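K.L.:
Below you will find the structure I want to go over with you.
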Amino acid sequence: MSDPLTQFKEWYEHAVAAGVTEPEAMALATANADGVPSVRFVLLKGIDERGVEFFTNYESRKGRELSANPRAALAVLWKPLQRQVRLEGPVERLSEEESDAYFATRSRGSQLGAWASRQSEAIPDREWLETRLAELDTSYPETVPRPPHWGGFLLRPGAIEFWEGRPNRLHDREAFTRGADGAWHSRRLSP
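Numbering-wise, the sequence shown is residues -14 to 176 according to our numbering.
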């Protein structure tokens, strides 16, 4: 296939159709300005010709790291299908309009949670968080606006690797890199 983003979308849709548990779960690796890495799981929320979308609190550890060092790697594993995809590249914030549009589709609880959580910050206890959530529920009796500290990111991959498990550990690996001309170039990798 000449377009790895199309292939990624097809593999994702296949995982959804196959009933894989949480097919949208992706490991996101970032690094701070000093190059110290960290990894956590986020949810895949879109794949298009530009890249891969996910949403988070901009003030969280990952948000701060992406601001200081706007490059990341993503990995998705669909173990029942013996498939994995890795992506690497620069990351940028999605537009306010794109973040607003996605935020409007979230459940009320998730919307309020985006306001209540000071993601990655220490809090006194769970009760503090529950009290904060209840106060926000009262503050926003109808529509919950998107917090200014919450929104989307787009990873524009410069490299994508597809892995499929095979017998005898002779797995199938194909790597794509984007050239300076914007075209994708593929090569087969030894397992």
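Ideal Cβ placement from N, Cα and C applies to all residues, glycine included.
Since the model is a prediction, treat every value here as computed from it, not as a measurement.
Of all the CB atoms in chain C, is at least one closer than 7 Å to the CB of S84?
P.N.:
Going by chain labels, chain C is absent from the structure shown, which holds only one protein chain.
K.L.:
Measuring CB to CB, does G143 end up less than 7 Å from Q67?
P.N.:
Position 158 of the sequence shown, counting from 1, holds the residue named residue 143. Position 82 of the sequence shown, counting from 1, holds the residue named residue 67. No, Cβ-Cβ distance for G143 and Q67 is not below 7 Å.
K.L.:
From E83, L29, P65, pick the residue whose C-alpha is nearest to that of L72; which is it?
P.N.:
The count along the sequence shown starts at 1 and reaches residue 72 at position 87. If we check each option's Cα against that of L72, L29 comes out closest.
K.L.:
Which residues in the same chain have their Cβ closer than 7 Å to the Cβ of D(-12), if we skip the five residues on either side of it in sequence?
P.N.:
Indexing the sequence shown from 1 puts residue -12 at position 3. Taken in chain order, the residues that qualify are W169.
K.L.:
Can you tell me which of the three DSSP states P75 falls into?
P.N.:
The count along the sequence shown starts at 1 and reaches residue 75 at position 90. Here P75 sits in strand by DSSP.
K.L.:
How far does the alpha helix (DSSP H) with P(-11) in it extend, from its first residue to its last?
P.N.:
Translated into the one-based positions of the sequence shown, residue -11 becomes position 4. First-last of the alpha helix (DSSP H) with P(-11): -11 to 2.
K.L.:
Here's the rule: buried if 16 or more other CB atoms are within 10 angstroms of the residue's CB, otherwise exposed. What is G48?
P.N.:
The residue labelled residue 48 in the question sits at position 63 within the sequence shown. Buried, since its Cβ has 16 or more Cβ neighbours within 10 Å.
K.L.:
Given R141, which residues of its chain have a CB within under 8 Å of its CB, disregarding the five upstream and five downstream residues?
P.N.:
Here residue 141 refers to the residue found at position 156 of the sequence shown. Once the five neighbours on either side are set aside, the close Cβ partners of R141 are R35, G36, G74, P75, V76, E77.
K.L.:
Pull up the distance between the alpha-carbon of R154 and that of S95, whole angstroms please.
P.N.:
Counting from 1 along the sequence shown, the entry for residue 154 is found at position 169. Counting from 1 along the sequence shown, the entry for residue 95 is found at position 110. One C-alpha to the other measures close to 42 Å.
K.L.:
May I ask you to verify whether the segment 115 to 131 touches the segment 155 to 175, counting CB pairs closer than 8 Å and requiring at least 3?
P.N.:
In short, these stretches do not touch, since the Cβ pair count stays below three.
K.L.:
Going by CA-CA distance only, name the one from E50, L118, N17, V61 that's closest to T6.
P.N.:
The count along the sequence shown starts at 1 and reaches residue 6 at position 21. With distances taken between Cα atoms, T6 lies closest to V61.
K.L.:
With H, G and I counted as helix, E and B as strand and the rest as coil, what does DSSP make of S45?
P.N.:
To locate residue 45, count along the sequence shown from 1; it is residue 60. Coil at S45, not helix or strand.
K.L.:
Return helix, strand or coil for L29, following the three-state DSSP convention.
P.N.:
Taking the first residue of the sequence shown as 1, we reach residue 29 at position 44. Coil at L29, not helix or strand.
K.L.:
Pick helix, strand or coil for D122, following the three-state DSSP scheme.
P.N.:
Taking the sequence shown and counting its residues from 1, one reaches residue 122 at position 137. It is helical.
K.L.:
If you run the structure through DSSP and keep just helix, strand and coil, what is D166?
P.N.:
For this step, residue 166 is matched to residue 181 along the sequence shown. Coil.
K.L.:
State the beta-bridge partners of A10 as determined by DSSP.
P.N.:
For this step, residue 10 is matched to residue 25 along the sequence shown. Answer by DSSP bridge pairing, in chain order: L28.
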